[in-house]
Amino acid sequence: MVDHFPFCSYTYVGIKNIKFIDSNAKYFSTLDAISGFWMIKLDEYSSRLCTFATLEKVLERARQVNLKFNADKCNFLMPEIKYLGHTFSSNGMSPDQKKIEKELYAIQFGCNRFRQYVLGHKVKVETDHKPLVVLFNKPLSEVPPRLQRMMLNLQQYDLEVSYIPGKFLYIADTLSRAPVEPSDPDDRLEEELLIHMNLLITNLAV
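Numbering (UniProt numbering) for the sequence shown: 1 to 206.
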């Protein structure tokens, strides 16, 4: 099925398009709209008439049009907020350390899992998480303490980390979406028992 109506799609706002960051801001709020797919982009003239300057006006307008928010995902007067893998605070914008930690753990897990194959060989790591590349180019003393242990563990490997946009990571993207048929535990156990029995029979003295 093909959707021929452009207003049914919405281009996701990226970090580069966020221009409201104020270095003097100390408190931040985030709102998560229910049925947010109803929102469509306005033209430039209309956006000037419909832009909300303060949080109070946002909430008042939402009440008028009966727009509901997900209370569990809304935050008010926070000293910092996380958005699109970044942290916003009075210090400005910085990468979300928890997001970096998860991405770094994925590399560590993969290297340790296949240690016998990658140890002693040049390994090229392609990631769509750009802060990881910056992290690997930093001296260990400048790495956040919670990440230093993983970085120390990875020093035994010869890694070359490069940034590749997610849309160009075809293999990883395909494998992450490849359907896998659920296996029956009983069938797997029966297969393993059969393998062991054949192994015993083969090695029995005649």
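Ideal Cβ positions, reconstructed from N, Cα and C, are used throughout, including at glycine.
Subject >> Anticipated Cβ contact below 8 Å, V161 with T202, distance rounded >> reply: Not confirmed; about 46 Å, so no contact.
Subject >> Rounded Cβ spacing between V123 and Y157 (contact assumed at less than 8 Å) >> reply: 6 Å
Subject >> Whole-Å CB distance - L159 paired with V125, under 8 Å assumed >> reply: 6 Å
Original post:
At which residues does the beta strand (DSSP E) containing L77 begin and terminate?
Top reply: 75-78
**OP:** Return the first residue and the last residue of the alpha helix (DSSP H) that residue 209 is part of.
**Re:** Because the chain in this structure spans residues 1 to 206, residue 209 falls outside the shown range and cannot be described.
Original post:
What is the residue span of the beta strand (DSSP E) that L159 lies within?
Top reply: 158-163
Original post:
If we call anything under 8 Å between Cβ atoms a contact, is E101 one with L132?
Top reply: no
Subject >> Cβ pair K26, P79 closer than 8 Å >> reply: yes
**OP:** Please state if the CB of N153 and the CB of Q97 are separated by a distance shorter than 8 Å.
**Re:** no
Subject >> For P165, the nearest candidate out of V143, L147, M197, K130 (CA to CA) >> reply: K130
Original post:
Among residues of its own chain, excluding the 5 on either side of L169, which ones have a beta-carbon nearer than 8 Å to its beta-carbon?
Top reply: E126, D128
Subject >> Alpha carbon of N75 to alpha carbon of L67, nearest angstrom >> reply: 17 Å
Original post:
Can you give the Cα-Cα distance for Q155 and F114, rounded to whole angstroms?
Top reply: 15 Å
**OP:** Would you mind working out which of S89, P145, K57 sits nearest V65, comparing C-alpha positions?
**Re:** K57
Original post:
From which residue to which residue does the beta strand (DSSP E) around V123 run?
Top reply: 122-127
Original post:
For V143, which residues of its own chain have a beta-carbon under 8 Å away from its beta-carbon, when the five flanking residues on both sides are left out?
Top reply: L135, M151
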